[in-house]
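First the structure, in the form of C-alpha cells, and then the observations on it.
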Amino acid sequence: MARKLIGEILRDMLGLPDSAIESALALQREKGGRLGEILIQRKVITEVDLLRALSIQLGVPFWDRVPVDRMDLSFVNKIQIQFLKKFNLVPVILREKAYIAMSDPSSLPIADDIKNILGLNGAEYVLSLQSSILSAINFAYDTIETSAEEVIQDMVEEDSEALITAIDEIGDILDDTSDAPVIKFVNLLLSQAVKAKASDIHIEPYQNKLKIRYRIDGVLYDMHSPPKYIQGRLVSRIKIMAKMNIAEKRLPQDGRIEVKIGDKHIDIRVSTIPTAFGERVVMRLLDKAAVMLKLTELGMDPNLLSVFERLIRSAHGIILVTGPTGSGKTTTLYAALSTINRPDINIITLEDPIEYQMDGIGQIQVNPKINLTFASGLRSIVRQDPDVILVGEIRDLETAEIAIQAALTGHLVFSTLHTNDSSSTITRLIDMGIEPFLVSSSVLAILAQRLVRTVCPVCRVAYRPEKELLEQLGLKGGDLGERMIYRAMGCPECLNTGYRGRTGIFELLILNDEIRSLILKTSDSNQIKRLAVQHGLVTLAMDGARKVLEGITTVEEVLRVTQVL
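Written out as C-alpha cells, the structure reads:
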C-alpha cells in the first residue's frame, strides 16, 4: 500500500483548503524545499501540525515534550553536545525503554549511528519539537557538567597565567570545549546561575577566603568557597570577558558581557570595586528573552487591580511606584505601559538602564557622561509631544519639579521613588523641596510594593501558627477559621530553600479630596496613613497577611519584607 502524501494528511487532519496545498506545491516546484516547511513559513500550519502529520505518515510517535526528568544522562560522556545540536536529536534512555527523539525524519541515518555508538539496538524513534529537543540536550550536558569542586581543584593545580585568554565570541558557553580551568569555572558559574534563575552572582574576597554567592528570589545563598589564591585569575577572566581594564585594580569599573547559555541569551552587567582584600565583583544577569509580565500576573488583588487599571488610563497626573531596590517597581511600570500602549498615544521613557525592549514606545537610555540625566532628558521629552512619560526614577528636586510640571500641563507621568511605604512618599517629596500644594494637585496615586517568595508547593507543610506570630502580622486567631497556613521546608525542587518564585504585595494610596486637604496642612506620614486606612487603604502587611491565608507565602516571608519584626 502506497504511503499517504504529507499534503493529503495535513488536508484531512486540519481541513486545509486545496488552494493552500496547491499554492505551496507550486512554490515547491519553482524554488524547491519541503512542502511542510513551506506551509510553516506561510503560517498555514505550525511545527506541531507538521510533526503530527509526519507521525501519522511514518507511524512514529509524536512527543510534545521530552521527559528530561526521567532520562538516563550517561550518554553525555560518549557523544559531543555539538553533534546532537547539529542534527537536533537526543537519546532518551528511560528505565523501561530507550528512544531517539528527532525533529526531522531525514536525520534517521544519524539516529542509527547513535544507536550503534550507545548500544541501543532496541531503541525506537520518536518525533518532537526542535525547542524541546534543544532544551533536553542543554539540560543533560548542564546537569552532568564537571562539578565546581573538580574545576576548582584543576585551578589549584594549574598556575599558568596563560589560562586567562580572551575569547570575544564563544557562542553557547555550554559548547565551549576549552581545557583552561578558570574558563571552565566561569562558564560553570554562569550556567549554574541561569539554571537556578539567579539574578546576581557575587564574588566576595575576604582576608583568608573567597566566597561566591547567588541571589535567588531576592535572597543571597552561599554557593562556592574556592581557595583564596585563585581570586586574581578568576576576577581577571571576568574582566576580560567584560572588556574591562585588568591592570586597573584600584578604581571601580563597570562592564558588560553578552553570552548564550543553551537557548537563552543572557546580558550580564559587571561591576567591580576595590576592597581591602581584593576586587569584589557583582554580575547582574538579565535574560533577554524574559517575557514581560502582564498586570494580571503581578499578584494584585482583583479589586486593587481594577482600580489601578483605571488610574493608569488617566489623562494627566503622576503615578508613583515605590519600594527598595529589587522590589519589582520597573516590572510593574512596564506592565502598566504595555496595558495602555496603543497606536493613538505617544509613550516616551527615560530609563537607566533599559531593561525590556518595547514595540511602539520611544525608550531613552540615561547617560550622565554626556550630561543626559533624568532632569535634562525629561526637559527634552516634554517637547516631543508625549501623552505618557515614564521617568525611571525621581532622584533629585530638579527631576521632581519637571515631572510635576509635565503632569500639570496635561501629561500622564509614571516614575519610581525609594521609600518604605506609600504615605512616606508624600513626606519625601515635600522634604525634597516640592511645595505641598503641587504634590496634592499633581499626584494621582502611589503604589508601594514588595516581592515575597512563594512557598514551594512540593515540600510545604501545613500548620497552625502561634497566636503571637499571627498578631505580628495583624491577624487574629479567628481570621484563620478552618484554614491552615504553610511553613517552608526545602526539597531538591526548590534548591532546599522552601520557596519557588516570587509574587508582589501591594499598597495603593489614592489621593482623594480629604487626603489632599491633609497634605496642605501636614507632611506627617503617620497622619496621612491613618486617614488613608480609614478610607480603605490595604497596607503592605495586610496584603501580605491575605497571601499567607491563601497559602501563597509564609508568615516569616511577609514579616521579612515588610520589616514588621
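Offset between the sequence shown (1-based) and our numbering: plus 6. Where a beta carbon is used, it is the ideal one built from N, C-alpha and C, also for glycine.
With at least 16 other beta carbons inside 10 angstroms of its own, Val-241 counts as buried.
Per the C-alpha coordinates, the member of Pro-97, Leu-555, Val-445, Tyr-147 positioned closest to Leu-326 is Val-445.
Annotated as distal: Ile-376 and Leu-356, with beta-carbon spacing of 7 Å or more. Of the candidates Glu-361, His-230, Phe-420, Phe-420 places its Cα closest to the Cα of Gly-323. Per DSSP, reduced to three states, the secondary structure at Thr-328 is strand. Per the coordinates, the alpha-carbon of Ser-529 lies some 21 Å from the alpha-carbon of Gln-455. Residue state for Met-548 is assigned as helix, using DSSP reduced to three classes.
Per DSSP, the unbroken alpha helix (DSSP H) holding Pro-115 starts and ends at 114-124. One alpha carbon belongs to Ser-25, the other to Gln-34, and they sit about 14 Å apart. Taking C-alpha positions only, Val-467 is separated from Gln-569 by approximately 24 Å.
Exclusion of the five residues before and after Pro-67 leaves Val-132 as the residues of its chain whose Cβ lies within less than 6 Å of its Cβ. Comparing alpha-carbon positions, the option among Glu-404, Ile-408, Gly-480 lying closest to Ile-387 turns out to be Ile-408. In the same chain as Glu-563, and ignoring 5 residues on each side of it, the C-beta atoms closer than 6 Å to its own belong to Val-458, Arg-459, in chain order. For the pair Ala-129 and Val-82, the CB atoms are not nearer than the 7 Å cut-off. Leu-378 sits in a strand when the DSSP states are folded into three classes. A straight-line Cα-Cα distance of about 30 Å links Glu-477 and Asn-518.
When DSSP states are grouped into helix, strand and coil, Lys-266 belongs to the strand group. Within the DSSP bridge table, the entry for Glu-357 names Gln-371 as partners. A check of alpha carbon separations from Val-265 across Arg-275, Thr-379, Gln-259, Tyr-492 identifies Arg-275 as the nearest.
The bridge partners DSSP lists for Gly-284 are Thr-281.
DSSP places Ser-344 in the uninterrupted alpha helix (DSSP H) bounded by 335-346.
For Val-397, the secondary structure class from DSSP, reduced to helix, strand or coil, is strand. Here DSSP, grouped into helix, strand and coil, assigns Tyr-212 to coil. Under the DSSP assignment, Glu-53 falls in the alpha helix (DSSP H) whose first and last residues are 53-64. The C-beta distance from Asp-228 to Lys-217 rounds to 6 Å, short enough to meet the 8 Å contact threshold.
Under the three-state reduction of DSSP, Gly-323 is assigned to strand. Here DSSP, grouped into helix, strand and coil, assigns Gln-478 to helix.
Taken through DSSP and simplified to helix, strand or coil, Leu-457 comes out as strand. Here Gln-213 has Phe-283 as same chain residues with Cβ atoms under 6 Å from its own Cβ, once five neighbours each way along the sequence are excluded. Contact between the region 120-129 and the region 72-91 is present, with at least three C-beta pairs closer than 8 Å. A distance of 7 Å or more separates the beta carbons of Ser-109 and Gln-86.
One thing to note: Ile-106 has its Cβ within 7 Å of the Cβ of Leu-95. Under DSSP, Lys-217 shares a beta bridge with Glu-210. Within its own chain, the residues whose Cβ lies closer than 8 Å to the Cβ of Ile-367, once the five positions on either side in sequence are excluded, are Leu-343, Asn-347, Ile-353, Ile-354, Thr-355, listed in chain order.
Scanning Tyr-220, Leu-453, Leu-22 for the CA closest to the CA of Leu-310 turns up Leu-453.
In this structure, Leu-526 keeps its C-beta atom at 7 Å or more from the C-beta atom of Leu-537.
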